[in-house]
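Trainee:
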Amino acid sequence: MSSYTALEAFESFYLSSPEHVIDAPGRVNLIGEHTDYNDGFVLPAAINFATNIAAKARSDRIINVLSVDYHYQHNSFSLDAIAFSEQQMWVNYIRGTVAELLKIYPDIQGADLAISGNVPQGAGLSSSASFEIAILKTLVVLNQLPLDGVKAALIAQRAENNFVGCRCGIMDQLIASLGKQDHAMLLDCRSLTFEYATIPNDIVLLIINSNQQRGLVESEYNTRRIQCELSAKHFAKPALRDVSLAELECEAANLEPLIYKRAKHIITENDRTIRAFNALRSKDMRAMSQLMRESHLSMQYDFQITTPAIDYLVDIVADVLGDSGGVRMTGGGFGGCVIALTPAHLIDQVKSTVTQLYQAKTGFKADIYVCDAMDGAFLNR
1 MSSYTALEAF
11 ESFYLSSPEH
21 VIDAPGRVNL
31 IGEHTDYNDG
41 FVLPAAINFA
51 TNIAAKARSD
61 RIINVLSVDY
71 HYQHNSFSLD
81 AIAFSEQQMW
91 VNYIRGTVAE
101 LLKIYPDIQG
111 ADLAISGNVP
121 QGAGLSSSAS
131 FEIAILKTLV
141 VLNQLPLDGV
151 KAALIAQRAE
161 NNFVGCRCGI
171 MDQLIASLGK
181 QDHAMLLDCR
191 SLTFEYATIP
201 NDIVLLIINS
211 NQQRGLVESE
221 YNTRRIQCEL
231 SAKHFAKPAL
241 RDVSLAELEC
251 EAANLEPLIY
261 KRAKHIITEN
271 DRTIRAFNAL
281 RSKDMRAMSQ
291 LMRESHLSMQ
301 YDFQITTPAI
311 DYLVDIVADV
321 LGDSGGVRMT
331 GGGFGGCVIA
341 LTPAHLIDQV
351 KSTVTQLYQA
361 KTGFKADIYV
371 CDAMDGAFLN
381 R
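First residue of the sequence shown? That's 1 in UniProt numbering, and the numbers climb one at a time after it.
1. State the beta-bridge partners of T198 as determined by DSSP.
2. If I follow the unbroken beta strand (DSSP E) through G26, where does it start and stop?
3. Hey, is T268's beta-carbon within less than 7 Å of any beta-carbon in chain C?
4. Taking Cβ positions, are Q173 and A232 nearer each other than 7 Å?
5. If we call anything under 7 Å between Cβ atoms a contact, is G32 one with V119?
6. Evaluate the contact criterion for the segment 364 to 373 versus the segment 37 to 50: three or more CB pairs, one atom per stretch, below 8 Å.
7. Do you know how far the Cα of C250 is from the Cα of Q121?
8. Please name the residue, chosen from T353, I305, G332, that lies closest to A318 on a Cα-to-Cα basis.
9. Mind pulling the alpha helix (DSSP H) runs of 4 or more residues that sit fully within the UniProt domain "GHMP kinase C-terminal" (279 to 357)?
10. Considering only residues of the segment 232 to 279, which uninterrupted alpha helix (DSSP H) runs meet the minimum length of 4 residues and lie entirely inside it, listed in chain order?
11. If you compare alpha carbons, which of D80, E100, N75, A81 is closest to Q88?
12. In this structure, does DSSP put F77 in helix, strand or coil?
13. Going by CA-CA distance only, name the one from S127, T138, L79, I104 that's closest to G110.
14. Per DSSP, which one or two residues make a beta bridge with P106?
15. Between the C-alpha atoms of V150 and L192, what's the straight-line distance to the nearest angstrom?
16. Measure the alpha-carbon distance for I208 versus N278 and round it to whole angstroms.
17. Evaluate D148 with the Cβ neighbour count: other Cβ atoms within 10 Å of its Cβ, from every protein chain shown; 16 or more gives buried, anything less gives exposed.
18. Specify whether the segment 130 to 143 and the segment 197 to 214 touch according to this definition: at least 3 beta carbon pairs, one from each stretch, less than 8 Å apart.
19. Secondary structure at N161, three-state DSSP: helix, strand or coil?
20. Under 7 Å Cβ to Cβ from Y301, same chain only, skipping five residues before and after it: list those, please.
21. One question on the structure: do residue 383 and S324 come within less than 7 Å of each other, judged by their Cβ atoms?
22. Just reading off the beta strand (DSSP E) that N211 is part of, what are its end residues?
23. Work out the CA separation of G40 and D188 for me, nearest whole Å.
24. At what residues does the beta strand (DSSP E) containing residue 386 begin and finish?
25. Mapping DSSP to helix, strand and coil, what is F378?
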């Protein structure tokens, strides 16, 4: 991350002023972990950490990109010859997104772009989805395209799946696209329908980066996905979203213990996510606290994606919050971040507790971000 903005970088590099400056937010998932690729429910919020793009249209078919956050690396490519880059991996998020957009709008023009951002990378806050949605919004504005937020999210997901090679779900791109200020979104990852719940005025989204590097995350993510697919196949259902807890318990003896545990997490997590949405809408933080606690324990014991450092971090924050807020690991697992729905009057106490206890116990120094829920890049008010 750099204090040098996309606007400043654009003016310095291209020696002209951009026509537009576009943002797309990162996100944090309040509850609903690993449910998205099981056609389930998630409850994310877009956050006030974003990718920023300063942009100017070109009259030809060349895309020029300057990345502030990747040591001012520059890359150019033609819209008529988009290839995977082995040298600059960050460029593939742009190239893949543009390649997917061209399938729908083949006549778009080139652009000069400068990109910066402050979404922490590698922390599970969806810097890649923020990046993709920012690129799409920029090209939509420059080319005056009639692209809505859901279609933009699907394009970005296909880019990551097909070009970059990550089998992500739809949540990250859709919340970056259609998040709403001061709200969380209950997203049905099968139908792509969604509802918003207001986050109570006195509750802050406190994101605590454990700074434990997320080792094994890609291989373990893919393993969990395969385990979930095997479980759904056992029940002859399209996805675990279609299996009830009662059905699972009836078949427990016929499932491998690990497959059973993985399925149990997904099935119960879907139920918790819907209940959490209702708790948030009714401002019932006691219920929200309990649901987030149950979610974390399910990730710890059934899905087995937490770490001792993350578990300790959750425990010490939970001791401060009691039932006035909620805390759990968020993201793919094996490190990364904790989300704490924190009453404003407890922010300083949470910060001091983490500062005093966490590093001494684990050897990692946490970063703490005080966040608000923000609008997505494609939200029309």
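Here a beta-carbon is modelled for each residue, glycine too, at the ideal position from N, C-alpha and C.
This one's a predicted model, so the numbers in the text were calculated from it and none came from an experiment.
Mentor: By the coordinates alone:
1. As a working note, residue 198 is residue 198 in the sequence shown. Partner(s): H183.
2. In the sequence shown, residue 26 corresponds to position 26, counting from 1. Note, G26: beta strand (DSSP E), 20 to 29.
3. Checking the listed chains, one finds no chain C in this structure; it contains a single protein chain.
4. Taking the first residue of the sequence shown as 1, we reach residue 173 at position 173. Taking the first residue of the sequence shown as 1, we reach residue 232 at position 232. Judged by beta-carbon spacing, A232 lies beyond the 7 Å limit of Q173, meaning their Cβ atoms are not closer than that value.
5. Position 32 of the sequence shown holds residue 32. Position 119 of the sequence shown holds residue 119. No.
6. yes
7. By 1-based counting over the sequence shown, the position of residue 121 is 121. By 1-based counting over the sequence shown, the position of residue 250 is 250. So the alpha carbons of these two residues sit roughly 42 Å apart.
8. If you number the sequence shown from 1, residue 318 lands on position 318. The shortest C-alpha to C-alpha distance from A318 to any of T353, I305, G332 is the one to T353.
9. 285 to 301, 308 to 321
10. 245 to 250
11. Residue 88 sits at position 88 when you count from the first residue of the sequence shown. The shortest Cα separation from Q88 among D80, E100, N75, A81 belongs to N75.
12. Translated into the one-based positions of the sequence shown, residue 77 becomes position 77. Strand.
13. One-based indexing of the sequence shown puts residue 110 at position 110. The option with the nearest alpha carbon to G110 is L79.
14. Residue 106 sits at position 106 when you count from the first residue of the sequence shown. P106 is not bridged to any residue.
15. Locating residue 150 in the sequence shown gives position 150, counting from the first residue. Locating residue 192 in the sequence shown gives position 192, counting from the first residue. Distance between the alpha carbons of V150 and L192: 8 Å.
16. For the purposes of this step, residue 208 is identified with residue 208 of the sequence shown, where counting begins at 1. For the purposes of this step, residue 278 is identified with residue 278 of the sequence shown, where counting begins at 1. Straight-line Cα distance between these residues: approximately 25 Å.
17. Here residue 148 is taken as the residue at index 148 of the sequence shown, counted from 1. Looking at its Cβ environment, which holds fewer than 16 other Cβ atoms inside 10 Å, D148 is exposed.
18. no
19. Locating residue 161 in the sequence shown gives position 161, counting from the first residue. Helix.
20. Locating residue 301 in the sequence shown gives position 301, counting from the first residue. Within the same chain, Y301 has no close Cβ partners at all.
21. It is not possible to answer for residue 383, since the shown part of the chain is limited to 1 through 381.
22. Walking along the sequence shown from the start, residue 211 turns up at place 211. Element bounds for N211: n/a, residue is neither H nor E.
23. In the sequence shown, the residue the question calls residue 188 occupies position 188. In the sequence shown, the residue the question calls residue 40 occupies position 40. One C-alpha to the other measures close to 6 Å.
24. Because the chain here runs from 1 to 381, residue 386 falls outside it and cannot be looked at.
25. Numbered from its first residue, the sequence shown carries residue 378 at position 378. Here F378 sits in coil by DSSP.
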